[in-house]
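Since the structure comes first, as structure tokens, the remarks are kept for the end.
In the working numbering, the protein residues as written are 77 to 201.
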């Protein structure tokens with residue numbers, strides 16, 4: 077794995093540990109295979125959910141009835157260029173139903189839309 081460090085995660089709306097997905101079991105492989113997260117814990121009550129981590133950063137996916145198209149997270153990373161290169165090289169561009177920005181934009185950020193439709197922004201600030 078690259079020397080990319082995830083430093084922090086901030087939710088777009090309320091809770092980075094309760095990001096809505098329609099099907100948890102279908103969503104998890106994308107985070108493991110393409111984003112480098114590992115499942116830390118899973119639960120079934122009050123709904124199916126999982127906590128994932130990468131270095132010291134945690135996010136949570138949950139079948140909580142929310143709309144994934146309205147949620148996501150901002151990830152502060154050690155290097156936007158390293159992050160972009162990592163995701164470009166690991167096959168994310170070929171991942172069905174996922175998308176990666178064509179380039180790092182003028183503000184120094186880029187985006188990933190996961191197959192579950194959650195949107196992630198990557199930057200250094």
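Quick reminder that beta carbons are idealized off the backbone N, C-alpha and C, glycines included.
Check	Outcome
Presumed contact (8 Å Cβ cut-off) between residue 198 and residue 156, rounded CB distance	6 Å
Contact the region 83-95 vs the region 163-180: 3+ CB pairs below 8 Å	no
7 Å CB neighbourhood of residue 123 in its chain, flanking five on each side removed	138, 139, 140
Assigned secondary structure, residue 20 (DSSP; H/G/I helix, E/B strand, else coil)	The question about residue 20 has no answer here: the residues shown for the chain are numbered 77 through 201.
The ligand SAM heavy atom lying under 6 Å from the CB of residue 79	Although the ligand SAM was asked about, the structure shown includes no ligands whatsoever.
Buried versus exposed call for residue 119 [16 or more other C-beta atoms within 10 Å across all chains shown]	exposed
Distance between residue 142 and residue 77 (C-alpha atoms, nearest Å)	For residue 77, the predicted structure reports a pLDDT of 48, less than 50, and the residue's modelled location is therefore unreliable. A value from the coordinates is still provided. Computed Cα separation, rounded: 33 Å.
Boundaries of the alpha helix (DSSP H) in which residue 162 is found, first to last residue	156-165
Proximity of residue 189 and residue 177 at Cβ, strictly below 7 Å	no
Closest by C-alpha distance to residue 152, when choosing among 130, 110, 126	130
Strand pairing of residue 85, partner residues [DSSP]	151
Inter-residue CB distance, residue 160 and residue 180 (contact presumed, cutoff 8 Å)	5 Å
Limits of the unbroken alpha helix (DSSP H) element including residue 117	First-last for residue 117: 114-119, but that is the beta strand (DSSP E), not the alpha helix (DSSP H).
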